[in-house]
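Everything on this sheet refers to the single structure shown next.
Protein chains: 2
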Amino acid sequence: MTATEQRVGEQRPGGRAERVRTAVLEATSELLTEVGYDRLTIDEVAARAGVHKTTVYRRWPTKPELIAEAVRVHSDENVPIPDTGTVLGDLQALASEVVANIGSDGGTRRSRSIAAAAATSDELATGLHEFWVHRLAAAAPIIERAIARGELPPDSDANLIIETLVGPIWLRVLLTGEPIDDDLAERVALLVATGAAHQQPT
Amino acid sequence: MTATEQRVGEQRPGGRAERVRTAVLEATSELLTEVGYDRLTIDEVAARAGVHKTTVYRRWPTKPELIAEAVRVHSDENVPIPDTGTVLGDLQALASEVVANIGSDGGTRRSRSIAAAAATSDELATGLHEFWVHRLAAAAPIIERAIARGELPPDSDANLIIETLVGPIWLRVLLTGEPIDDDLAERVALLVATGAAHQQPT
DNA sequence: ACTCTATCGCAAAAGAGGTTGCGTTTGTGC
DNA sequence: GCACAAACGCAACCTCTTTTGCGATAGAGT
Chain A
387 MTATEQRVGE QRPGGRAERV RTAVLEATSE LLTEVGYDRL TIDEVAARAG VHKTTVYRRW
447 PTKPELIAEA VRVHSDENVP IPDTGTVLGD LQALASEVVA NIGSDGGTRR SRSIAAAAAT
507 SDELATGLHE FWVHRLAAAA PIIERAIARG ELPPDSDANL IIETLVGPIW LRVLLTGEPI
567 DDDLAERVAL LVATGAAHQQ PT
Chain B
387 MTATEQRVGE QRPGGRAERV RTAVLEATSE LLTEVGYDRL TIDEVAARAG VHKTTVYRRW
447 PTKPELIAEA VRVHSDENVP IPDTGTVLGD LQALASEVVA NIGSDGGTRR SRSIAAAAAT
507 SDELATGLHE FWVHRLAAAA PIIERAIARG ELPPDSDANL IIETLVGPIW LRVLLTGEPI
567 DDDLAERVAL LVATGAAHQQ PT
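Protein chains in written order, with my numbering: chain A, 387 to 588; chain B, 387 to 588.
And the structure:
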């Protein structure tokens, strides 16, 4: 096994190549929130990044792949996981963060763009899958702490609870178009927290 | 005011024009579930409908508009609203129906396509909004009956409950890519029903 | 039946997104 | 420094989508 075989794809990580990569992903992320998925053109991404479009096409063969990486990089600036001392408080805070993130004009466009990209590319869909596994795992401590405090039954399903918390918010942004605000966040959190606390094995 | 001014858009509802309209919308709906949003081309829609592509372009200027109408027409075949006698039963049945609808291969492609289309067209987005208002209103009796039976507090928010029920299911289909099945439907329903029943004013 | 006009089919052309070949620049290892 | 290979810029090219002009067809009213 030679050195060239060992690491494919990051063969020349120093200097220009990396600058180009960063600039393109940054430009992609910006345009994503500004104009949305379909009106984002590779040509314009390249122009904003100060790069020729051929370069972009060579690195990222398809639009979804480009967006996939841009989203992945950009969302490493993680949403903090709240720790307020109660499940209800934590869930409300988390829901509020989600609302703040995807509720703004740009955030909504960005969120819808991601969904659109996922719809057109299985690769991005699986990439998103990994991202969400991470995100949900990161939020799991909220539930674990609640179990430790005795607020929730020990067999509580952290993923299910978090998904049920954020699901309706995303639903509104992606499909129903109903407005989202902190009031919604509070009420969903209350509904879910109450349900989780009183859960009984059937 | 002349007769031509009175009704614009349905000026010649008899015969061929209507046949064309139906055929195109039908073809669109089929292709939507078969190949998805981005690989659906106007040309192929026209071919399948036995119509020239110019005709399609003239009636529906953009792809999202075409899809918007196709979806609107096709979803009048309504999902039945269950009436099992208990909130939990109703919610489980409803969630199961949603899972069945959007969980199949074609259903998933179709659902993602709709989301993608909504992302690219504000018109479709508002069209979807109306559709969802209808859909949620149709499901409201589940909650009203439960209130009447004393299962739920009288100030229960029907929309919120239904949205929280179906939100996580759609979330998985559109974003996380996590599989959905009847088990998920049951557990979400249990969580939401429990939460709704024990809800207390804060 | 006859006329009028909305609607459609057809072909040609315009436009935009994406691809390819080749020369040049820029890291990287010696 | 020097040579080699990777990555980039450029321009021409190609393909697919969308538009446009015109003649043909078929409802709708008389």
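All C-beta atoms in this analysis are idealised placements derived from N, C-alpha and C, irrespective of residue type, glycine included.
Cβ-based neighbour list, residue i, same chain, cut-off 7 Å, excluding 5 preceding and 5 following
i	result
A479/B	P468 and T470
V457/A	I500
E564/A	R558
A579/A	V473, L474 and L477
V431/B	V410, A413, T414, L417 and V442
T448/A	S507
I547/A	I529, V578 and A582
L551/A	L477, L480, A481, V574, A575 and V578
F517/A	R458 and S461
A403/A	none
Status (buried if at least 16 other CB within 10 Å, exposed otherwise) for residue i
i	result
R405/B	exposed
D568/B	exposed
T440/B	exposed
G536/A	exposed
A534/B	exposed
G401/B	exposed
E455/A	buried
E549/A	buried
R444/B	exposed
R393/A	With a pLDDT of 37 at R393/A, under the threshold of 50, the modelled position of that residue is not reliable, and the figure given next carries that caveat. Exposed, by the Cβ-count rule.
Sequence-distant residues of the same chain with beta carbon closer than 6 Å to residue i, five excluded per side
i	result
I453/B	A503
A625/B	The first residue shown for chain B is 387 and the last is 588, placing residue 625/B beyond what the model contains.
L510/B	P450, A454, A503 and A504
I428/A	K439 and V442
D491/B	none
Cβ neighbours of residue i in the same chain (closer than 8 Å, five flanking residues each side left out)
i	result
L560/A	S497, R498 and A501
I566/B	V485, I488, G489, I555, R558 and V559
A544/A	L522, A525, A526, I528, I529 and E530
E483/B	V465, P466 and P468
R407/A	R445
A571/B	Q478, A481, S482, V484, V485 and I555
8 Å contact criterion, which residue i and residue j should meet: CB distance rounded
i	j	result
G553/A	P554/B	3 Å
T562/B	L514/A	7 Å
H584/A	H584/B	5 Å
Could you list the residues in the region 502 to 526 of chain A with a C-beta less than 7 Å from some C-beta on chain B, going in chain order?
A502, A504, A505, T506, A511, T512, L514, H515 and W518
Anything in the region 434 to 455 of chain A with a Cβ closer than 7 Å to a Cβ of chain B? List those residues in chain order, please.
For the region 434 to 455 of chain A, no residue has a beta-carbon sitting nearer than 7 Å to a beta-carbon of chain B.
Taking one C-beta from the region 517 to 528 of chain A and one from the region 498 to 505 of chain A each time, how about it: are there three or more such pairs within less than 8 Å?
no
Using 8 Å as the Cβ pair cut-off and three pairs as the minimum, do the region 422 to 433 of chain B and the region 486 to 499 of chain B touch?
yes
Should the region 428 to 443 of chain B be called in touch with the region 405 to 416 of chain B, which here means at least 3 C-beta pairs below 8 Å?
yes
Under 9 Å, CB to CB, which of the residues in the region 556 to 586 of chain A have a partner in chain B?
W556, L557, R558, L560, L561, T562, G563, E564, L570, E572, R573, V574, L576, L577, V578, A579, T580, G581, A582, A583, H584, Q585 and Q586
Members of the region 462 to 494 of chain A that neighbour chain B once the beta carbon cut-off is set at 7 Å
none
Can you list, in chain order, the residues of the region 528 to 541 of chain B whose Cβ is nearer than 7 Å to any Cβ on chain A?
Along the region 528 to 541 of chain B, none of the residues has a CB nearer than 7 Å to a CB of chain A.
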